[in-house]
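**Q**
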Amino acid sequence: MSTTASASPARAGSAPPTSPTRSAAKPLPLGSKAKGPPRLIGLAGPSGAGKTTLARALQTHLPGPTTVLSLDSYYRDLADLSLAERARVNFDAPEAMDHQRLAADLRQLVAGHRVEIPVYDFTSHTRQTNQQSLTPTDFLIVEGLFALYWPDINALYHLRLFVTAADALCLERRLARDRVERGRSPASIRDQYQEQVRPMYHRYIQPTSRYADLILDGSTSTEEQIAVVLTAL
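In the numbering used here, the protein residues as written are 113 to 345.
1) Rounded to the nearest angstrom, what separates Asp325 and Ile153 at their Cα positions?
2) How about Leu88 and Leu271: do their beta carbons lie closer than 8 angstroms?
3) May I have the straight-line CA-CA distance separating Tyr269 from Val201, to the nearest angstrom?
4) What are the uninterrupted segments assigned as alpha helix (DSSP H) that are 4 or more residues long and contained completely in the region 287-318, given in chain order?
5) Check whether the Cβ atoms of Ile327 and His173 sit closer than 8 angstroms, and answer yes or no.
6) Return the Cβ separation of Leu166 and Val275 in integer angstroms, given the expectation that the two are a contact with Cβ distance under 8 angstroms.
7) Report buried or exposed for His237, applying the criterion of at least 16 other Cβ atoms within 10 angstroms of its Cβ.
8) For a test of the three-state rule: what should DSSP assign to Lys147, helix, strand or coil?
9) Which same chain residues end up closer than 8 angstroms to Ala278 when comparing Cβ atoms and leaving out the 5 residues on each side of it in sequence?
10) Hey, how far is the Cα of Arg294 from the Cα of Ala288?
11) Going by DSSP, what residue range makes up the beta strand (DSSP E) through Asn242?
12) For the alpha helix (DSSP H) containing Arg322, list its first residue and its last residue.
13) Report the three-state DSSP secondary structure of Tyr354 (helix, strand or coil).
14) For Leu246 versus Pro150, is the C-beta distance shorter than 8 angstroms?
15) Less than 8 angstroms between the beta carbons of Ile265 and Pro158, yes or no?
16) Taking C-beta to C-beta, are Gly160 and Leu283 nearer than 8 angstroms?
17) Using only alpha-carbon positions, find the residue among Ile229, Arg322, His211, Pro206 that is nearest to Thr179.
18) Can you say whether Ala280 is buried or exposed, counting buried as having 16 or more other CB atoms within 10 angstroms of its CB?
19) So, under 8 angstroms CB-CB, Ala156 and Thr320 are touching, yes? Tell me the CB distance rounded to an integer number of Å.
20) Go to His173, then tell me how far its alpha helix (DSSP H) extends in each direction, as first and last residue.
21) Whole angstroms are fine: how far does the CA of Glu335 sit from the CA of Asp329?
22) In or out: Asp217 buried (at least 16 other Cβ within 10 Å) or exposed?
23) Around the C-beta of Arg239, are 16 or more other C-beta atoms found within 10 angstroms, so that it is buried, or is it exposed?
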């Protein structure tokens, strides 16, 4: 089910850069043709809200070949920092992302060109030497914490989505993910969640919900969320 929610007032100096108004990014009807492939869908929200799950499910429900591009691939390469310095980096702030590389790759995809996507190692916080080729498809879902943060990227979307969920549910999901996928201890996950993840969500990410065309309830079933998205298209 969809929800109606407005962004909380951002702290001074912490609001996302001004983005186009919602009317400037009006979704295209399914019968319309985009100016160039692919049609981009931005999907943002807090860690653990279910962004990745929804994005993968939409791949099989959108009316055309669909690719998911995770912003996790675009964390900055910290190979030039010591291990101690890497541990102090705030990965829940937009400065941790390679915004310029992301914007350049998306522009190439919109123009119909194949791009090479970075492969990020969350254990060492460095980019691997190999890259992943990504070819434009009819739809491209750009999902991640900061998917709606930057104005130049917001301007590329045909539809903007923001998925949210209760804090306890987000933490539960993050614990399950990071223990398995990133080899972290429960204590370290909880500490980071309280010290960085939630504060940075309220400072940087939640305010970007104002740019969303749809705000989805991540505690509902994926099927319900998909139905809302398809109706909006």
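The C-beta atom is built at its ideal place from N, Cα and C for all residues, glycine as well.
**A** Let me lay it out:
1) 10 angstroms
2) The structure shown does not extend to residue 88, since the chain spans only 113 to 345, so no value can be given for it.
3) A straight-line Cα-Cα distance of about 29 angstroms links Tyr269 and Val201.
4) 298-304
5) no
6) 6 angstroms
7) So His237 ends up on the buried side.
8) Reliability fails at Lys147, whose pLDDT of 44 lies under 50, so the model's placement of it is uncertain and the value that follows must be treated cautiously. The answer is coil: DSSP assigns Lys147 none of H, G, I, E or B.
9) Ser331
10) 10 angstroms
11) DSSP places Asn242 inside the beta strand (DSSP E), whose first and last residues are 238-246.
12) Where Arg322 is concerned, there is no enclosing alpha helix (DSSP H), given that its DSSP letter is neither H nor E.
13) No statement about residue 354 is possible, as the shown extent of the chain runs from 113 to 345 and does not include it.
14) No; because the gap between Cβ atoms is not below 8 angstroms, this pair is not in contact.
15) no
16) yes
17) Ile229
18) Exposed: under 16 other Cβ atoms inside 10 Å.
19) 6 angstroms
20) Careful: His173 lies outside any alpha helix (DSSP H) and carries neither H nor E.
21) 12 angstroms
22) buried
23) buried
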